[in-house]
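S.K.: Residue numbers (our numbering), protein chains in the order written: chain A, 1 to 562; chain B, 1001 to 1213; chain C, 2001 to 2094; chain D, 3001 to 3266.
Pasting a structure below so you can have a look.
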Amino acid sequence: MEQHFEIQPIHPEPTSFVRRYIFSTDHKVIAKQFLWAGLIFLLVGGTLAMMIRWQWAYPGEKVPVLGDLFLRRSGGVIGPATYTSIFTMHGLIMIFFAITPAMIGAFGNFCIPLMIGARDMAFPKLNMLSFWTFVVSLLLIIASFLVRLGSAGAGWTTYPPLSTQIGTPGWGQTLVVAAIFVTGAATIMGSINYVTTVLRLRAPGMTYLRMPLTVWGLWLTAILNVLFVPVLGAAALLLFLDRVFGTQFFIAGAASVRGGGDPILFQHLFWIFGHPEVYILILPAWGIVGDLISFFARKPAYWYKGTVFAMTAVTILSAVVYGHHMFVTGMNPLLGKSFMLLTLIISVPAEMLFLNWLHTIWKGSIRLTTAMLFGLGMVFVFGLGGLTGLYLGTISTDLYLHDTMWVVGHFHFTMAAASFLATFGAIYFWFPKMFGRNMSEGLGKIHFWFSVVFITLVFGGQLFVGYAGQQRRLYDPYQYTFLAHLHFPNKLTSWFGFMLGIGQVPFIINFFKSLFAGSKAEQNPWQVGTLEWTLCPSPPPHHNFDKIPTVLRGPHEYANPE
Amino acid sequence: MSEHAAAAHAHPDFVTPADWPEDPQYGKATLGKLGMWIFLLSDALSFAGLLLAYGILRGGSTHWHNPGEPELGIPFTAGLTFLLICSSVTMVLGYAAAVENKRKQATLFLGLTALGGVLFLCGQAHEYHGLSQEGLHFGASAYASTFYVITSFHGFHVFTGVTYLTIITIATALGKFDNGNYNRIEVAGLFWHFVDLIWILVFTFVYLVPTQK
Amino acid sequence: MAHVNRKQYMVIFLVLFVLTILELAVVKMPAIGRTPMFIALIALAVSKAAFVGLYYMHLKHETRILKLTIAIPLCTPAVYALILIAEAAWRRLS
Amino acid sequence: MTAILALALGAPPKPETGFGMPHDASIDGHLIDWLINVTSGFVIILFVIMCVWMLYAALKHGRDHQAEYDHGSSKHSVTVALVISAIIFFVVDGNLFVNSMVDLSKAFWNHADAEAMGSVVRIEVNAHQWAWDARYAGADGQFGTADDVVTLNDIRVPAETPILIQLASVDVIHSFYLPNFRVKQDAMPGMVNRMWFRAKPEEIGNSFDIACAQHCGTNHYKMKGTLTVLSKEDYAKWLQDQAAVSTRAYDPNDQEAHWGWKWKEI
Ligand code: HEA
Ligand code: HEA
Ligand code: CUA
Ligand SMILES: [Cu+2]
């Protein structure tokens, strides 16, 4: 076992600024780079969300502040075409350029090597390349906002033929499709690293069933990324060719002069990736929360093996349920019904997860730190998100609910609430280790209560109008008679949304204040038993561990009474 | 601990596969090898995405060939297939020579492998030229478009492989992989064989599966 | 130690060569019908690919877990292909 | 074409009263409403249990409470977890699955039985950016002939009779959505999709929104039609009048107006 030491030699820390902070191969620096990128784009995505909510509260009225800044050409008013770009880019940015980097990019890079006792990722240079490839995709996204006709407008799902030149002419959509392709490449590079690192660089004694749940979540996510992002890549490539070189892979109907294309083909390829993608965004959140809850309840995670098993089961099942996004496309009914059954089966592991979390906090000695609050908040909102998924997984109810705001409410509760809160939980928890300083608990708690209350209200408002039948992606919902009476609830929801936006200000203050003026963090402020806290100073040195540790017990044994 | 392992303390790149510690699940597979396999899985799924598109388009089409579009020439591509198989053999022979620490022989076989790749690309260019003269144009039909996309995506892999192998060949010639440090040759070999393996599938699905008359 | 077996490499080469010839022969026999021909072609291609993977890429000599790590994910696209191509054909005919 | 456009639309739909699902105007829609509401009952129970549990633990098992060291991996604990999960699955998901399968084969996806119900109304709907064209076969029962009735954003149907709709699209994907009838089906370019529904007899004289549920471009939010429920007699009369108008207006050279297809049998 001594030999593990040899394959991970201690490299001297680079001295030049560029090698240290910009083109760094240190997983901890790359983690921070991803965190910054993710937070900045979270702000961009959040701003776009505020514009969506404004439009639904005050359709066609001038947007305060933002209108003068970004919509000068239309006099500060959101037009229908601009609106399509706003929700499309909101969805894409939040998923691919905010939550993915902030949760998977940042905490995958930071936690995996530290938590399994490795000196760095398996391929540090590939890791660096992954980040800088990601930056290229960010540049493409920014460029898409600047071209004539504006950014992409076909929805984040970019269904053709709408996403071909027929529906969205101009360079904006093309650049965005290219950006998806490039960010896919970056994700694959990162994920190859995560997978290999966990497979091969675990410290002696760090068996799979001693890995922290966070690592499990991130690892399973990386596996899904490695396998399914390439399928998205293939779809994006073909769509790019349709847009730029006039092929007709996805075009049918009157516009397909040469015949042979198939719009449903894109949906298959997209959702073969897309459904695993939604679990890509939740698995790390489950893992992080599983750990947080156990740490702060001062108890080992209840039925750890069951949790690991459930997460693995979800990972496997995620590959075979994607058809539930396509129930009303006219797919073969037998296939549709099979997808319904498989989808409903996913709720079994989900229930096991919930039971394990609930049992973990039961009879604990709970410390309600900010990180713990975010963990508990995540369980709360994910309960809502998961349960609303059941209605969608069932074909007959989905006939009514498909493409309504119910779907939007469902996925905001799962992604925008659960993954979002888990990401913040992770930030509050690992900030001392990352930056060597403590965050303010007081501001953190204000941030938590604002977030969890208004998240519930905003996304609850989405479910509410969805139940009443409101379709998604409507520039002005009140054009429809059956939706006219929903103006008031939508306006109320919008105001909750603005409050949610304002509620993020304490976080921003806290983040910057702590970064520069926070109190120096101790090695193990939370008193937990995983390697990064017990063995590394805050922040850890360049090579993480002076001596690669030998692991003797599981991740949640800090308070082991023995 | 062997003498190589001792050298590893001095230089990280000199851990030979023989000195790699045993892993309970993955045995002596090195980091590089595992990483390459994971990448290949990923890459296989990108080909799968394209082939799936091909299959669905073809399965859902009422007629696959537009009038006037030529059949794909099987005998010529069978030759290309044979060429890739040959280059796979030279690849393993080069690897074998490197394992046995025969630098010259290894360089020769690796060089031949890269040459095989170059010839393949030339063959493909020739094939494209011929087909486009016969009236098979990218974008003109699903048949033509899928054909060009899949084969050129594979061609791009061959090109990458040739570049990769050229670098490896030069490094071999310079003695970088002597004395049991052949891991990177094996990893490069994995990529090259994968390119061959994919071609076997592409050849079957795209060229051989007969069209419905 | 590394697995070097030149003789085996040449035998596999021969096998691959023969299988390729067989493939070409199968295509020249429309008499056997479309479906059997299709199945034969797939079987030949998969066995060729398996020979390359097992012997040239040394999977034969890796641990069982590594073999499964490679094999299981590769089954996924096969399943998708089977189902989705059938579904596309169903949509064409219905 | 102009002659058809000039026809007055039916009475405008009435706004909804009260929140919740829109007024149910269909004979089978209650199946969906029932399933949604029953599931909501289950879901609320589960969610409340979860919240109470969390709240109790957070308040009572705080810092002053001695943590109980328990891995929860004893046979007993594992059995309890599995049994609870299984119960939730079989009750909640089982109810959803079984009822959905029954409802689909009884109503929503049972196109074969609907076709066989004898007196049915067949309509072809062709979606395009951003309107719904509808086509009735006219007296000869054949689509694509001179006596076809073609309307724009205006569909009229008799009450109680099964209305069979075949859907296609010219340009991008749309989704034909009748919120008051709880049905929805995508209109795909290059493909013909099916759906069917029945209007309640009480709804005679009422009209409803036809909505587009799939993002189809800038004016997606305006892609709106009106569906009017008529008595069988009024419907027959309306169709007859329209057929006369259409026959007069039929222009054999107007290729674009001839989008009808041969009705696809099952
Ligand atoms: C993080 C992301 C995430 C997660 C985790 C999920 C989880 C689930 N999703 Fe969701 N989904 C999305 C993100 C996500 N989804 C997105 C982004 C879309 C829309 C994409 C688009 O169209 O734009 C979508 C759309 C979507 C659809 C398509 C709807 C439509 O377009 O018509 C469906 C249909 O089946 C569905 C189902 C499910 C199901 C069954 C789960 C299950 O995994 C849920 C399992 C969880 C539970 C079942 C909860 C169990 C909890 C309890 C039982 C409480 C415990 C209490 C006690 C034990 C007392 N989702
Ligand atoms: C993870 C993904 C995610 C997240 C987090 C969010 C967050 C939010 N979303 Fe979004 N949304 C989507 C994913 C997400 N959404 C997707 C995929 C769609 C579908 C798009 C489509 O139809 O194609 C969608 C669509 C969508 C719609 C429907 C549009 C339509 O159908 O027409 C609405 C409407 O209410 C909405 C609202 C909101 C709101 C109010 C938030 C709020 O939670 C936002 C609050 C956040 C902030 C205000 C930012 C705060 C910033 C920071 C904390 C950063 C701090 C910075 C530094 C320290 C530098 N979203
Ligand atoms: Cu048509 Cu939306
Ligand atoms: Cu899904």
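Glycine included, each C-beta is placed from N, C-alpha and C at the ideal position.
1) Starting from A/Pro113, trace the beta strand (DSSP E) both ways and give me its first and last residue.
2) In chain A, which residues lie less than 9 Å from C/Ile2085 when you measure between Cβ atoms?
3) Cβ closer than 8 Å: which chain B residues qualify as neighbours of A/Gly233?
4) With a cut-off of 8 Å, do at least 3 Cβ pairs link the region 458-469 of chain A to the region 424-438 of chain A?
5) I need the boundaries of the alpha helix (DSSP H) containing B/Arg1058, first residue and last residue.
6) Mapping DSSP to helix, strand and coil, what is D/Cys3216?
7) Relative to chain C, which residues along the region 1091-1111 of chain B have a C-beta separation below 8 Å, given in chain order?
8) If we define contact as Cβ-Cβ less than 8 Å, is C/Val2027 a contact residue for chain B?
9) Mapping DSSP to helix, strand and coil, what is D/Met3195?
10) Classify D/Tyr3136 as helix, strand or coil using the three-state DSSP reduction.
11) Below 7 Å, is the gap between the Cβ of D/His3023 and the nearest heavy atom of ligand 2?
12) By the 9 Å beta-carbon criterion, what residues does the region 2055-2084 of chain C contribute toward chain A?
13) Nearest-angstrom Cα distance between A/Tyr279 and A/Phe87?
14) Mind checking whether D/Lys3184 and A/Val328 have CB atoms under 8 Å apart?
15) Compare the C-beta of C/Val2052 against all C-beta atoms of chain B and say whether one is closer than 8 Å.
16) Taking A/Ala416 as the reference, which of A/Phe482, A/Ala49, A/Tyr21 and A/Asn109 has the closest Cα?
17) Establish whether the CB of C/Lys2048 and some CB of chain B are separated by less than 8 Å.
18) Would you mind telling me which residues of chain A sit closer than 8 Å to D/Ala3262, beta carbon to beta carbon, in chain order?
19) Do A/Met415 and ligand 2 come close, with the Cβ less than 7 Å from some heavy atom?
20) What is the rounded straight-line gap between the Cα of A/Met211 and the Cα of A/Pro204?
21) At 4 residues or longer, and completely inside the region 84-152 of chain A: list those alpha helix (DSSP H) runs for me, N to C.
22) Give a yes or no on whether the C-beta atoms belonging to A/Ser396 and D/Ile3032 are separated by under 8 Å.
23) Does any heavy atom of ligand 4 sit closer than 7 Å to the C-beta of A/Val408?
24) Quick one: give me the first and last residue of the alpha helix (DSSP H) that B/Gly1111 is part of.
25) Can you name the start and end residues of the alpha helix (DSSP H) that A/Ile166 belongs to?
26) Can you grab the Cα-Cα spacing for the pair A/Val244 / B/Leu1112, in whole Å?
27) Leaving out five residues before and five after C/Lys2060 in sequence, what residues of the same chain have Cβ atoms less than 7 Å from its Cβ?
28) Quick one: is D/Ile3204 near chain A, going by C-beta distance under 8 Å?
29) Where DSSP assigns a beta bridge to A/Asn438, which residues make up the other side?
30) Quick one: Cα of A/Phe454 to Cα of A/Leu500, how far?
31) To be precise: take each residue of the region 270-291 of chain A, compare its Cβ to all Cβ atoms of chain C, and keep it if any distance is under 9 Å. Which residues remain?
32) Counting C-beta neighbours from all protein chains within 10 Å, is the total for A/Val63 16 or more, i.e. buried, or is it exposed?
33) Could you tell me which chain C residues have their CB closer than 7 Å to the CB of A/Met189, listed as they occur along the chain?
34) To the nearest angstrom, report how far apart B/Gly1027 and B/Val1092 are at their CA atoms.
35) From A/Ile40 to A/Trp132, what does the alpha carbon distance come to, in whole angstroms?
36) Is it buried or exposed for D/Tyr3056, if we count other Cβ within 10 angstroms and need 16 for buried?
M.R.: If we stick to the structure as given:
1) Sequence index remark: in the first sequence, residue 113 of chain A carries index 113 (1-based). Note, A/Pro113: premise wrong, no beta strand (DSSP E); alpha helix (DSSP H) at Asn109 to Ile116.
2) In the third sequence, residue 2085 of chain C corresponds to position 85, counting from 1. In chain order: nothing, as chain A lies at least about 11 Å away.
3) Mapped onto the first sequence, residue 233 of chain A falls at position 233. Per Cβ cutoff of 8 Å: Ser1046 and Gly1049.
4) no
5) Walking along the second sequence from the start, residue 1058 of chain B turns up at place 58. First-last of the alpha helix (DSSP H) with B/Arg1058: Leu1031 to Gly1059.
6) As a working note, residue 3216 of chain D is residue 216 in the fourth sequence. D/Cys3216: coil per DSSP, three-state reduction.
7) Met1091, Val1092, Leu1093, Tyr1095, Ala1096, Val1099 and Glu1100
8) Here residue 2027 of chain C corresponds to residue number 27 of the third sequence, with the count starting at 1. For C/Val2027, the answer is yes, since a Cβ of chain B falls inside 8 Å of its Cβ.
9) Along the fourth sequence, one-based indexing puts residue 3195 of chain D at 195. Strand.
10) In the fourth sequence, the residue the question calls residue 3136 of chain D occupies position 136. It is a strand residue.
11) Start at 1 with the first residue of the fourth sequence, and residue 3023 of chain D comes out as number 23. No, ligand 2 has no heavy atom inside 7 Å of this Cβ.
12) Thr2069, Pro2073, Thr2076, Pro2077, Val2079, Tyr2080, Ile2083 and Leu2084
13) Start at 1 with the first residue of the first sequence, and residue 279 of chain A comes out as number 279. Start at 1 with the first residue of the first sequence, and residue 87 of chain A comes out as number 87. Approximately 22 Å between the Cα atoms of the pair.
14) Within the fourth sequence, residue 3184 of chain D is the residue found at index 184, counting from 1. Within the first sequence, residue 328 of chain A is the residue found at index 328, counting from 1. Yes; because the gap between Cβ atoms is below 8 Å, this pair is in contact.
15) Sequence index remark: in the third sequence, residue 2052 of chain C carries index 52 (1-based). With 8 Å as the cut-off, C/Val2052 counts as an interface residue toward chain B.
16) Your numbering for residue 416 of chain A matches position 416 in the first sequence. When only C-alpha atoms are compared, the closest one is A/Ala49.
17) Here residue 2048 of chain C refers to the residue found at position 48 of the third sequence. Taking Cβ atoms only, chain B reaches closer than 8 Å to C/Lys2048, which makes this a yes.
18) Taking the first residue of the fourth sequence as 1, we reach residue 3262 of chain D at position 262. The sequence shown places Lys at residue 3262 of chain D, not Ala. What D/Lys3262 touches in chain A: nothing, since even the nearest Cβ is about 17 Å away.
19) For the purposes of this step, residue 415 of chain A is taken as residue 415 along the first sequence, with counting starting at 1. Answer for A/Met415: yes, Cβ within range of ligand 2.
20) Numbered from 1 along the first sequence, position 211 holds the residue referred to as residue 211 of chain A. Numbered from 1 along the first sequence, position 204 holds the residue referred to as residue 204 of chain A. So the alpha carbons of these two residues sit roughly 12 Å apart.
21) 109-116 and 124-146
22) Start at 1 with the first residue of the first sequence, and residue 396 of chain A comes out as number 396. Start at 1 with the first residue of the fourth sequence, and residue 3032 of chain D comes out as number 32. It is a contact, given that the beta carbons lie within the stated cut-off.
23) Along the first sequence, read from residue 1 onward, the residue named residue 408 of chain A stands at position 408. No - ligand 4 has no heavy atom lying nearer than 7 Å to the Cβ of A/Val408.
24) If you number the second sequence from 1, residue 1111 of chain B lands on position 111. It spans Arg1103 to Glu1134 - the alpha helix (DSSP H) in which B/Gly1111 sits, taken as one unbroken run.
25) For the purposes of this step, residue 166 of chain A is taken as residue 166 along the first sequence, with counting starting at 1. Membership of A/Ile166 in any alpha helix (DSSP H) is not indicated, and neither H nor E is assigned to it by DSSP.
26) As a first step, residue 244 of chain A must be located in the first sequence, where it is residue number 244. As a first step, residue 1112 of chain B must be located in the second sequence, where it is residue number 112. Answer to the nearest angstrom: the Cα atoms are 38 Å apart.
27) For this step, residue 2060 of chain C is matched to residue 60 along the third sequence. Counting only Cβ-Cβ distances below 7 Å, and skipping sequence neighbours, we find Leu2054.
28) Position 204 of the fourth sequence, counted from the first residue, corresponds to residue 3204 of chain D. Output row for D/Ile3204: interface = no.
29) Looking up residue 438 of chain A in the first sequence gives position 438. BP columns for A/Asn438 are empty, so no partner.
30) Working through the first sequence from its first residue, we reach residue 454 of chain A at position 454. Working through the first sequence from its first residue, we reach residue 500 of chain A at position 500. Between A/Phe454 and A/Leu500, the C-alpha separation is close to 5 Å.
31) Ile272
32) Translated into positions along the first sequence, residue 63 of chain A becomes position 63. That one is buried.
33) Walking along the first sequence from the start, residue 189 of chain A turns up at place 189. In chain order: nothing, as chain C lies at least about 18 Å away.
34) Reading the second sequence from its first residue, position 27 is the one you call residue 1027 of chain B. Reading the second sequence from its first residue, position 92 is the one you call residue 1092 of chain B. Roughly 21 Å separates the two Cα atoms.
35) One-based indexing of the first sequence puts residue 40 of chain A at position 40. One-based indexing of the first sequence puts residue 132 of chain A at position 132. Cα-Cα distance, rounded: 16 Å.
36) Counting from one through the fourth sequence, the residue named residue 3056 of chain D turns up at place 56. Exposed.
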